[in-house]
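Undergrad: Once you've had a glance at the structure underneath, I'll fire off some questions.
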Amino acid sequence: MSEQSTLDILLKWFDNNSIKWKKDCLSIKEKNGSFGVYASKNISKSETVVKIPKESILSTKTCGISNILDEADLEGGCPLALAVLYEIAQKENSPWYGYLQGLPERGEDLPMFWEEEEKVWFKGTSMEAPVYNDLDDIKDDYNGLIKPLLKKHSYVFKRGGTDDEDPYSFEKFVKVSTLVSSRAFEVDAFHEKALVPFADLFNHCGIKEHVHFETEFEVCGACGALEYCEHQYFEEEEESSEHKDNGEELDDPMEESEDSEDDMDTELLDLDELEKRNVDFWNTEEEKEKKDYCDMVLDRDIEKGEEVFNTYGDLTSAELLSKYGFCFENNQNDEIAISEDSISEYCIAFTAKRLKSKYPKASDKELEQMAIEKIKGRYEFFLKNEKILFPENEQEDIHPNFDNDCCNGDDHDHEHEHREEREESSDEDENIEEEGSEEESENGEHSHDANGGCCGGQEGPYRLYSISSKGFFEDRAVYLLHIMFVDEETFEKFTENIDVALQYFDELAKPSDKKRRTPNQVMLHVYKACFALADIKRAGYFENNNEWKPIQKEIEDREQ
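Take 185 as the starting number for the sequence shown in the numbering used here and just add one per residue.
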């Protein structure tokens with residue numbers, strides 16, 4: 185089917201499903217094998233350019249197998265992927281056929297599908313895990329969750345004899361999974377993640393996007409109603425009844441017959457109350473008047489001929505490439521990765537040098553072993569309490585504001601930004617710089633567990649911590665460094681009561697009343713460590729002659 189006929193079917197489907205868009209302002213064109221949205225004339229910001237009724241979105245609640253998915257109660261992206269796969273298998277019989285036929289036939293071209301000789305380029309980078317693990321994760325989901333469901337409901341999921349004939353083959357599931365992960369929007373409390381036709385036509389721009397996605401998230405979780413509904417009414421009645429029962433003594437059995445008429449009156453009053461609240465469960469005309477929409481709204485003015493961009497979020501190049509199959513230069517959200525080995529090696533060298541003044545007669549090897557034992561306990565404390573220090577979906581910025589140099593040497597403020605979107609130490613310590621880490625890298629090796637985890641830490645060859653393009657170390661790395669560098673008395677208090685550690689980091693996160701907060705010794709050690717680790721990372725990109733290291737040489741170094 186030609187791109188134009190595919191687009192014609194898609195546009196007709198939009199019209200048939202009450203998707204409203206400013207046809208005088210917007211046009212849809214083919215771009216690099218997919219579609220993009222362009223401005224046909226100048227448009228002013230704050231205009232709603234597309235309105236998509238929630239009845240037209242494809243979710244686990246609107247698809248033809250919603251009852252099966254509701255019973256299965258699967259988590260993650262699996263249920264939506266299976267819902268889309270089922271609708272694709274229905275072909276022209278699916279209510280979403282006109283929309284689905286416009287999606288890329290081969291799914292998204294993601295690095296996990298690349299040839300092995302291409303994947304090797306990602307060794308030792310933050311792309312290594314998604315490139316080598318994502319396909320395995322999808323395979324685990326398919327074998328563990330999807331196949332049993334296909335077998336249990338074989339009368340619904342009609343399978344073919346070969347993979348080509350089977351609409352529910354692993355290959356097709358992988359394709360749909362990539363489409364879902366790259367196109368789904370968080371719609372509301374009822375639909376959760378869903379495919380939103382038209383909204384997914386806007387391509388990504390990480391800087392100065394034109395539109396954003398708006399939706400009323402707080403809807404009834406049982407039926408998706410935007411307005412007051414029967415579920416909310418009966419929930420309120422149930423809560424009211426519970427409070428009443430808890431606050432009253434048991435009724436006298438002798439009064440039961442006398443109360444029966446009152447009970448009937450109460451029931452009639454309930455119906456009266458419903459009418460007072462304009463709740464009419466049978467008036468379908470009223471429901472039609474109160475449609476709920478997903479909107480695409482302009483954030484800024486756009487000129488005729490420009491492509492209209494959305495943003496998929498503040499994503500790094502690795503996240504864009506692994507999830508969407510593209511990235512671009514000068515991404516302000518970009519990061520580089522520091523391995524836990526780099527951090528531990530620096531901390532070992534730092535700690536060994538601090539111990540030298542306490543044990544002047546100890547050999548370098550003995551100092552190293554003592555340092556390893558010391559940081560091992562602190563690293564284990566960090567791993568054990570990480571979920572307490574970093575509750576899910578919560579991240580605090582613990583960098584205090586300085587008018588002078590900070591992590592990257594520039595003056596800046598530290599700010600981490602959805603209708604729903606959006607101690608005491610010796611003078612010698614102050615002289616410890618990156619040379620300690622360099623000596624450790626060149627001359628010393630420290631023990632790892634059988635799986636390669638650092639100092640008995642988590643399994644795997646290494647764990648990565650990120651540094652943003654502006655030079656900010658991620659909070660987990662900064663927390664870890666603070667735990668490594670606090671004095672023994674403070675660390676002992678941490679181990680005795682985790683609340684002490686939480687209070688310590690809360691204090692660091694508070695904005696100072698003064699323009700300049702005087703850093704204590706621990707802060708200085710943390711900043712020196714950040715500088716040293718950043719310099720070591722930067723040096724790894726260059727040859728001895730300060731020329732950029734050839735990519736093949738860099739890959740070889742990573743493999744070592």
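Backbone N, C-alpha and C fix where the C-beta goes; we use that ideal spot for every residue, glycine too.
#1: Quick check on S506: does DSSP put it in helix, strand or coil?
#2: Should L363 and S526 be called a contact, given that it needs their Cβ atoms to be closer than 8 Å?
#3: N387 and F493 - do their beta-carbons sit closer together than 8 Å?
#4: Is V380 near the ligand GTP, going by C-beta to nearest heavy atom under 7 Å?
#5: Just grab the DSSP bridge partners of Y222 for me.
#6: Assign F726 to one of two classes, buried (16 or more other C-beta atoms within 10 Å of its C-beta) or exposed (fewer than that).
#7: Would you kindly check if the distance between the Cβ of D479 and the Cβ of T246 is under 8 Å?
#8: Do the CB positions of A265 and S189 come within less than 8 Å of each other?
#9: Could you tell me whether the Cβ of S653 comes closer than 8 Å to any Cβ of chain D?
#10: Whose CA, out of E289, D318, G344 and H394, lies closest to the CA of A223?
#11: My output table needs one value for A693: the three-state DSSP class, helix, strand or coil.
#12: Based on Cα-Cα distance, which residue from Q285, V710 and E731 lies nearest to L665?
#13: Helix or strand or just coil, what does DSSP make of H375?
#14: Check each candidate in N216, K225 and L551 and name the one with the smallest Cα separation from E490.
#15: Excluding the 5 residues flanking L686 on each side, which residues of the same chain have their C-beta closer than 8 Å to its C-beta?
#16: In whole angstroms, give me the CA-to-CA distance for Y283 and G291.
#17: Helix, strand or coil for H709? Go by DSSP, reduced to three states.
#18: Just verifying my parser: in three-state terms, what is the DSSP assignment at L287?
#19: Please classify L665: does DSSP put it in a helix, a strand, or coil?
#20: Look at D483 and K235 and say whether their C-beta atoms are less than 8 Å apart.
#21: Helix, strand or coil for V304 per DSSP?
#22: DSSP on Y496, reduced to helix/strand/coil?
#23: As a quick exercise: from A693, S653, D384 and L505, pick the residue whose alpha carbon is nearest that of S218.
#24: Have a look at K331 and L287 and give me their C-alpha separation to the nearest angstrom.
#25: Rank T399, S353 and F382 by C-alpha distance to the C-alpha of A373 and give the top, closest one.
#26: Kindly give me the distance between the Cβ atoms of E271 and G248, rounded to whole angstroms, as I take these residues to be in contact under 8 Å.
#27: Please look up how many angstroms separate the CB atoms of L551 and L567, rounded, as I've assumed it's under 8 Å.
#28: In whole angstroms, what separates the C-alpha of K737 from that of D498?
#29: Given a cut-off of 8 Å on the beta-carbon distance, is the pair E519 and I651 in contact?
#30: Below 8 Å, how does it come out for the stretch 551–563 and the stretch 659–678: are there three or more Cβ pairs, yes or no?
#31: Please return the same chain residues whose Cβ sits closer than 6 Å to the Cβ of K303, not counting the five positions on each side in sequence.
#32: From the DSSP secondary-structure annotation, give me the bridge partner or partners of F479.
#33: Looking only at its chain, what residues have a beta carbon closer than 6 Å to the beta carbon of G509, apart from the 5 residues adjacent to it on each side?
#34: Classify G383 as helix, strand or coil using the three-state DSSP reduction.
#35: State the beta-bridge partners of Y649 as determined by DSSP.
#36: I556 by DSSP, collapsed to three states: which one?
TA: Let me lay it out:
#1: S506 falls in the helix class under three-state DSSP.
#2: For L363 and S526, no; Cβs fall outside 8 Å.
#3: Yes.
#4: Summarising the ligand content, the structure contains no ligands, and the ligand GTP is consequently not present.
#5: Answer is S211 and E491.
#6: Taking every protein chain shown into account, the CB of F726 has fewer than 16 other CB atoms within 10 angstroms, so this residue is exposed.
#7: Going by C-beta atoms, T246 is not nearer than 8 Å to D479.
#8: In this structure, A265 sits away from S189, with a CB-CB distance that is not shorter than 8 Å.
#9: The chain inventory of the structure shown lacks chain D, comprising one protein chain alone.
#10: The candidate whose alpha carbon is nearest that of A223 is H394.
#11: Helix, per DSSP.
#12: Among Q285, V710 and E731, the Cα nearest to that of L665 is on V710.
#13: Per DSSP, reduced to three states, the secondary structure at H375 is coil, with no helix or strand assignment.
#14: Here the closest residue by C-alpha is K225.
#15: Cβ neighbours of L686 within its own chain (closer than 8 Å, five residues either side excluded): I572 and L573.
#16: About 15 Å.
#17: H709: helix per DSSP, three-state reduction.
#18: In this structure, L287 counts as coil in the three-state DSSP scheme.
#19: Shown here, L665 sits in a helix according to DSSP, grouped into three states.
#20: Cβ distance not < 8 Å, so D483 and K235 don't count as in contact.
#21: Helix, per DSSP.
#22: Looking at Y496 - three-state DSSP - the assignment turns out to be coil, as it is neither helix nor strand.
#23: Here the closest residue by C-alpha is D384.
#24: If I take the Cα positions, the gap works out to 24 Å.
#25: It is T399 whose Cα lies nearest to the Cα of A373.
#26: Yes, E271 and G248 are in contact; Cβ-Cβ is about 7 Å, under 8 Å.
#27: Contact between L551 and L567 does not hold, since their C-beta atoms are separated by about 24 Å, which reaches or exceeds 8 Å.
#28: Pairing K737 with D498, the inter-Cα distance amounts to about 31 Å.
#29: For E519 and I651, yes; Cβs fall inside 8 Å.
#30: The stretch 551–563 and the stretch 659–678 touch, with no fewer than 3 CB-CB distances between them shorter than 8 Å.
#31: Only V315 meet the Cβ criterion.
#32: This sequence places Asp at residue 479; Phe is not what is there. D479 pairs with K235 and E398.
#33: So the list reads E292, D293 and L294, once near-sequence residues are dropped.
#34: In the sequence on display, residue 383 carries Ala and not Gly. Correct three-state label for A383: helix.
#35: Beta-bridge pairing links Y649 to I522.
#36: Per DSSP, reduced to three states, the secondary structure at I556 is helical.
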